[in-house]
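There are 2 protein chains.
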Amino acid sequence: MEFTISQKDFSRSINIVQRAVSSKNTMPILTGIYLEARKDKGLHMKATDLELGIEYWVKADIITEGKIVLPASHLSGIIRELPDDNINFKADLDKYEAELTCLSSRFKIKGFDADEFPQLPEVNIPHKITLNCGDLNRLIDEVKFSTSTDQTQPALTGGSMVIDSGKIRMVATNTYRLSLSSLDLDGSPEGKKEVILPGNTLSELSHLLDDDGEVEILIGDNYVRFNFNGIVLVSRVIEGQFPNYQQVLPKEYNTKVRVDRNNLLRSVRRVSLIARLDSNVISISVKDNKMIITSQDSEEGFAREEIEIESQGPEQNINIDAGYLLDVLKVLNDDVVILELIGPLNPLTLKKENSDDFIYLVMPVRR
Amino acid sequence: MEFTISQKDFSRSINIVQRAVSSKNTMPILTGIYLEARKDKGLHMKATDLELGIEYWVKADIITEGKIVLPASHLSGIIRELPDDNINFKADLDKYEAELTCLSSRFKIKGFDADEFPQLPEVNIPHKITLNCGDLNRLIDEVKFSTSTDQTQPALTGGSMVIDSGKIRMVATNTYRLSLSSLDLDGSPEGKKEVILPGNTLSELSHLLDDDGEVEILIGDNYVRFNFNGIVLVSRVIEGQFPNYQQVLPKEYNTKVRVDRNNLLRSVRRVSLIARLDSNVISISVKDNKMIITSQDSEEGFAREEIEIESQGPEQNINIDAGYLLDVLKVLNDDVVILELIGPLNPLTLKKENSDDFIYLVMPVRR
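Those protein sequence lines, which keep their order, are chains A and B. Taking full-length UniProt numbering, the leading residue of the first sequence gets 1, the next gets one more, and so forth. Taking full-length UniProt numbering, the leading residue of the second sequence gets 1, the next gets one more, and so forth.
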């Protein structure tokens with residue numbers, strides 16, 4: 001097995017597939033990157049932690065074919081530090097050992113038998129849809145922060161992806177707050193399909209997706225495959241039932257608030273400096289085009305912010321977790337957000353202005 | 001107590017004195033910043049962890065005088081997040097409580113009785129010298145990474161500062177490597193003065209010193225005081241005897257090497273990727289204008305780098321800790337460095353070209 005490849009191409013490719021390398025040491029070979037030199041197709045690279053797998057093809061000058069698995073951390077560290085020149089890669093496939101040469105640098109790395117590397121799963125009888133990479137990235141970014149970290153309820157640690165009636169919808173909730181983001185699809189398939197993607201899959205997709213290009217999604221029963229920009233990402237889905245959130249989405253509201261997102265973000269952040277010393281609960285009062293945000297008056301101090309808003313409807317007072325409001329205000333980039341309130345025991349709803357593609361709910365805190 | 005101050009000035013001043021705030025919670029008042037409003041002088045701020053103290057005066061519009069101590073983390077968090085406008089500060093000195101108002105933001109913070117805040121120590125009968133801030137910064141940066149972290153030998157956790165015969169010299173060592181950096185002083189006082197500055201003092205000085213302006217150093221027996229750019233930094237000195245390093249400084253060498261610093265840095269860093277999997281020991285061979293750097297041939301792999309150098313003298317082979325070489329190569333910014341070698345059991349010496357103001361020794365590793 002021998003090939004030459006530019007340092008830049010090799011380093012970039014390793015950075016892509018390395019995201020799927022296992023951080024746990026249960027199977028040593030999974031700490032590695034699979035490399036296969038094919039005269040017809042170039043260098044094939046893949047990595048997997050058995051939940052997530054990423055594969056990538058990169059152009060290389062293949063001299064002799066072969067395959068080997070090398071420890072990802074050593075390989076990526078070395079390639080990143082090599083000069084911007086051509087790298088010669090030669091592997092002794094009996095000893096599972098690779099030799100890398102670049103100008104006057106020479107490295108030997110011990111690896112693993114490539115035949116023992118697991119195959120990435122196939123997605124059978126998939127539901128197939130296509131959308132813009134930037135759109136999928138928006139869907140993911142708008143929901144992924146709402147996933148739960150509580151491993152006793154696995155379904156909540158992921159994001160629900162639903163394809164139905166020409167729409168794609170992503171939802172995540174930890175039962176105290178919920179994000180719902182949706183998009184109209186061009187020519188989606190018949191029927192409804194629903195899977196739960198692991199939180200880590202959402203994070204890695206968000207890292208790898210550019211705004212450019214299209215992504216093809218093949219949704220099976222146990223696996224979902226994403227094809228974009230030459231990258232193949234295969235993710236296991238989380239088994240279990242995602243909660244029926246439709247019933248908690250408020251159908252109406254009493255008071256509507258139009259507020260500058262950045263003003264609200266900065267004010268909540270300041271009040272939170274005092275509130276988080278207690279339990280990070282802030283009180284929001286809305287009355288006559290003014291919003292007052294306060295912390296509880298505690299041993300540590302007190303904070304009060306006043307913001308100009310546009311409000312319609314009766315006065316409102318609600319207590320919520322400041323962190324839940326900060327999370328969503330940081331992710332959106334709209335100038336203005338809309339808040340809808342019913343009463344102190346009902347969820348606060350946050351939406352975009354002039355768009356129905358995003359709904360965020362925060363449950364109130366009773367004190 | 002009441003004053004107004006610009007958010008920018010207040011935030012900048014807090015950042016300066018906050019560096020001396022205690023990170024331990026042994027005395028709650030030491031987690032605070034002392035604030036004193038004086039009609040004649042503005043706002044006086046200070047903080048100390050009893051080893052290090054920093055004070056600073058900042059311009060403020062003083063309405064009524066008074067003093068209070070406020071928790072540094074709350075105060076700095078709030079001031080940093082406030083808008084770029086004027087802040088009104090009003091304190092209730094009976095309740096030890098301050099109220100901050102800025103546009104439509106209002107904060108109350110509970111604090112401490114300023115009378116209980118410790119005085120920064122005076123430096124009696126000091127030895128006084130003056131030098132450029134940039135020069136002191138260089139002296140510190142060139143030695144501070146060589147301090148020891150072993151608390152059982154307190155003298156080695158600091159840097160020795162010696163004023164003698166018109167020179168200032170800083171030295172740090174962990175017994176496996178040593179940095180010595182020196183500078184000629186204009187008009188230094190008679191006699192020799194020697195103190196050990198704590199490692200943390202060196203770090204904080206390095207953070208606060210700009211390249212501009214002059215620093216006045218008052219060296220007493222137990223404390224050293226640095227005055228620069230309106231900042232007063234008082235540091236306790238470490239008691240104990242600094243080792244007599246003069247005897248380990250090699251008087252001569254057998255082989256001299258002139259090498260590009262950046263080439264050497266990048267090569268050692270790459271070999272270290274493999275070497276650190278073992279014990280981070282690298283072998284350096286010098287012969288006929290070539291330097292070969294290799295890792296041990298271990299279970300994990302092998303690395304070899306070859307660099308063009310200019311060498312005079314017999315062939316040399318030495319094993320050293322790669323980290324010790326990387327530390328110094330990262331800190332220097334010369335294009336070229338000089339290595340002097342005696343033999344495999346003698347220290348490796350690293351110097352600047354055309355300057356005697358820096359010496360770095362690394363002890364060899366025996367294998």
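Glycine is no exception: its CB is placed at the ideal position from the N, C-alpha and C atoms. As the structure is a prediction and not an experimental result, all values here were calculated from the model.
Where the region 89 to 123 of chain B meets chain A: residues whose CB sits under 7 Å from a CB there: Residues of the region 89 to 123 of chain B with a Cβ closer than 7 Å to any Cβ of chain A, in chain order: Ser104, Ser105, Arg106, Phe107, Lys108, Ile109, Lys110.
Please report the residue range of the alpha helix (DSSP H) in which Glu142 of chain B lies. To locate residue 142 of chain B, count along the second sequence from 1; it is residue 142. Glu142 of chain B -> alpha helix (DSSP H) spans 133 to 143.
Does the beta-carbon of His74 of chain A have 16 or more other beta-carbons within 10 angstroms, so that it is buried, or is it exposed? Reading the first sequence from its first residue, position 74 is the one you call residue 74 of chain A. With 16 or more other Cβ atoms inside 10 Å of its own Cβ, His74 of chain A counts as buried.
Between which two residues does the alpha helix (DSSP H) containing Gln7 of chain B stretch? Residue 7 of chain B sits at position 7 when you count from the first residue of the second sequence. Its alpha helix (DSSP H) spans residues 7 to 17.
Looking at chain B, is there any beta carbon in it that lies within less than 8 Å of the beta carbon of Arg19 of chain A? In the first sequence, the residue the question calls residue 19 of chain A occupies position 19. So no, Arg19 of chain A is outside the interface.
Put Gly159 of chain B into one of helix, strand or coil per three-state DSSP. Taking the first residue of the second sequence as position 1, residue 159 of chain B is located at position 159. DSSP, read as helix, strand or coil, puts Gly159 of chain B in strand.
Quick one: Cα of Ile33 of chain B to Cα of Ser6 of chain B, how far? What you label residue 33 of chain B is simply residue 33 of the second sequence in a count that begins at 1. What you label residue 6 of chain B is simply residue 6 of the second sequence in a count that begins at 1. Answer to the nearest angstrom: the Cα atoms are 18 Å apart.
With Ile78 of chain B as the anchor, note down where its alpha helix (DSSP H) starts and where it stops. Taking the second sequence and counting its residues from 1, the one referred to as residue 78 of chain B is at position 78. It spans 72 to 81 - the alpha helix (DSSP H) in which Ile78 of chain B sits, taken as one unbroken run.
Considering just the uninterrupted stretch of the beta strand (DSSP E) at Ala98 of chain A, what are its terminal residues? Along the first sequence, read from residue 1 onward, the residue named residue 98 of chain A stands at position 98. Unbroken beta strand (DSSP E) run through Ala98 of chain A: 97 to 102.
Any idea which residues DSSP pairs Phe107 of chain B with across the strands? Mapped onto the second sequence, residue 107 of chain B falls at position 107. Phe107 of chain B is bridged to A:Ala303, B:Leu100.
In whole angstroms, give me the CA-to-CA distance for Asp297 of chain B and Asp115 of chain A. To locate residue 297 of chain B, count along the second sequence from 1; it is residue 297. To locate residue 115 of chain A, count along the first sequence from 1; it is residue 115. For Asp297 of chain B and Asp115 of chain A, the distance between alpha carbons rounds to 26 Å.
Terminal residues of the beta strand (DSSP E) in which Ala275 of chain A lies: The residue given as residue 275 of chain A occupies position 275 in the first sequence. Ala275 of chain A -> not in any beta strand (DSSP E); alpha helix (DSSP H) instead, spanning 261 to 275.
Measure the CB-CB distance between Ala322 of chain A and Ile359 of chain A and report whether it falls below 8 Å. For the purposes of this step, residue 322 of chain A is taken as residue 322 along the first sequence, with counting starting at 1. For the purposes of this step, residue 359 of chain A is taken as residue 359 along the first sequence, with counting starting at 1. Using a Cβ distance threshold of 8 Å, Ala322 of chain A and Ile359 of chain A do not count as a contacting pair.
Taking Ile78 of chain A as the query, report the chain B residues whose CB atoms sit under 7 Å from its CB, ordered along the chain. For the purposes of this step, residue 78 of chain A is identified with residue 78 of the first sequence, where counting begins at 1. Simply Arg270, Leu273.
Whole-angstrom C-beta distance between Val21 of chain B and Ala60 of chain B, which should lie under 8 Å: Counted from its first residue, the second sequence places residue 60 of chain B at position 60. Counted from its first residue, the second sequence places residue 21 of chain B at position 21. So it is not a contact: roughly 20 Å between Cβ atoms.
Can you give the beta carbon distance from Val365 of chain B to Asn319 of chain B, rounded, assuming they're within the 8 Å contact cut? Position 365 of the second sequence holds residue 365 of chain B. Position 319 of the second sequence holds residue 319 of chain B. That belief holds up - the Cβ atoms of Val365 of chain B and Asn319 of chain B are roughly 5 Å apart, short of 8 Å.
What residue range is occupied by the uninterrupted alpha helix (DSSP H) comprising Ser206 of chain A? Stepping through the first sequence from its first residue, residue 206 of chain A is reached at position 206. It spans 199 to 208 - the alpha helix (DSSP H) in which Ser206 of chain A sits, taken as one unbroken run.
Compile a chain-ordered list of the residues in the region 287 to 306 of chain A whose CB is closer than 7 Å to at least one CB of chain B. Legend: CB atoms of the region 287 to 306 of chain A lying less than 7 Å from CB atoms of chain B belong to residues Glu299, Glu300, Gly301, Phe302, Ala303, Arg304, Glu305, Glu306.
From Lys39 of chain B to Arg276 of chain A, what does the alpha carbon distance come to, in whole angstroms? In the second sequence, residue 39 of chain B corresponds to position 39, counting from 1. In the first sequence, residue 276 of chain A corresponds to position 276, counting from 1. Near 35 Å, if we compare the C-alpha coordinates of Arg276 of chain A and Lys39 of chain B.
Endpoints, alpha helix (DSSP H) assigned at Gly166 of chain B: Position 166 of the second sequence holds residue 166 of chain B. No alpha helix (DSSP H) contains Gly166 of chain B, which DSSP labels as neither H nor E.
Looking at the unbroken beta strand (DSSP E) that takes in Tyr34 of chain B, where does it start and where does it end? On the second sequence, position 34 is the one that residue 34 of chain B refers to. Bounds of the beta strand (DSSP E) holding Tyr34 of chain B are 32 to 38.
Select from B:Thr255, B:Ala91, B:Met1, B:Ser279 the residue whose C-alpha is nearest the C-alpha of Pro344 of chain B. Translated into positions along the second sequence, residue 344 of chain B becomes position 344. Distances from the alpha-carbon of Pro344 of chain B to those of B:Thr255, B:Ala91, B:Met1, B:Ser279 put B:Thr255 closest.
Closer than 8 Å to chain B by CB, His127 of chain A: One-based indexing of the first sequence puts residue 127 of chain A at position 127. Judged by the 8 Å Cβ criterion, His127 of chain A is not in contact with chain B.
Would the beta-carbon of Ile78 of chain A fall within 8 Å of that of Leu100 of chain A? Within the first sequence, the letter at position 78 stands for residue 78 of chain A. Within the first sequence, the letter at position 100 stands for residue 100 of chain A. Going by C-beta atoms, Ile78 of chain A is nearer than 8 Å to Leu100 of chain A.
Using a Cβ-Cβ distance under 8 Å, would Glu81 of chain B count as near chain A? For this step, residue 81 of chain B is matched to residue 81 along the second sequence. Yes, because at least one Cβ of chain A sits closer than 8 Å to the Cβ of Glu81 of chain B.
Looking at C-alpha atoms only, which residue of B:Leu265, B:Leu183, B:Val362 is the closest neighbour of Cys133 of chain B? Counting from one through the second sequence, the residue named residue 133 of chain B turns up at place 133. Taking the Cα of Cys133 of chain B as reference, the smallest distance to any Cα among B:Leu265, B:Leu183, B:Val362 is reached at B:Leu183.
Please compile the residues from chain B whose C-beta is within a distance smaller than 7 Å of the C-beta of Ala266 of chain A. Locating residue 266 of chain A in the first sequence gives position 266, counting from the first residue. Correcting the residue identity first, residue 266 of chain A is Arg in this sequence and not Ala. Ordered by position in chain B, the residues that pass the 7 Å Cβ test against Arg266 of chain A are Glu81.
Between His207 of chain A and chain B, is the shortest Cβ-Cβ distance under 8 Å, so that the two count as touching? Here residue 207 of chain A corresponds to residue number 207 of the first sequence, with the count starting at 1. Output row for His207 of chain A: interface = no.
Do the region 191 to 208 of chain A and the region 136 to 150 of chain A make contact, defined as three or more Cβ pairs closer than 8 Å? Taking 8 Å as the limit for Cβ pairs, the verdict is that the region 136 to 150 of chain A does touch the region 191 to 208 of chain A.
Between the region 33 to 51 of chain B and chain A, which residues of the former have a C-beta closer than 8 Å to a C-beta of the latter? If the cut-off is 8 Å between Cβ atoms, the region 33 to 51 of chain B has nothing near chain A.
Between the C-alpha atoms of Leu185 of chain A and Arg270 of chain A, what's the straight-line distance to the nearest angstrom? Counting from 1 along the first sequence, the entry for residue 185 of chain A is found at position 185. Counting from 1 along the first sequence, the entry for residue 270 of chain A is found at position 270. Separation of Leu185 of chain A and Arg270 of chain A (C-alpha to C-alpha, rounded to the nearest whole angstrom) is 40 Å.
Going by the beta-carbon positions, is the gap between Val69 of chain A and Phe117 of chain A smaller than 8 Å? What you label residue 69 of chain A is simply residue 69 of the first sequence in a count that begins at 1. What you label residue 117 of chain A is simply residue 117 of the first sequence in a count that begins at 1. Taking 8 Å as the Cβ cut-off, Val69 of chain A and Phe117 of chain A qualify as a contacting pair.
Beta-bridge pairing of Gln247 of chain A - partner residues as DSSP gives them: Indexing the first sequence from 1 puts residue 247 of chain A at position 247. Gln247 of chain A is not bridged to any residue.
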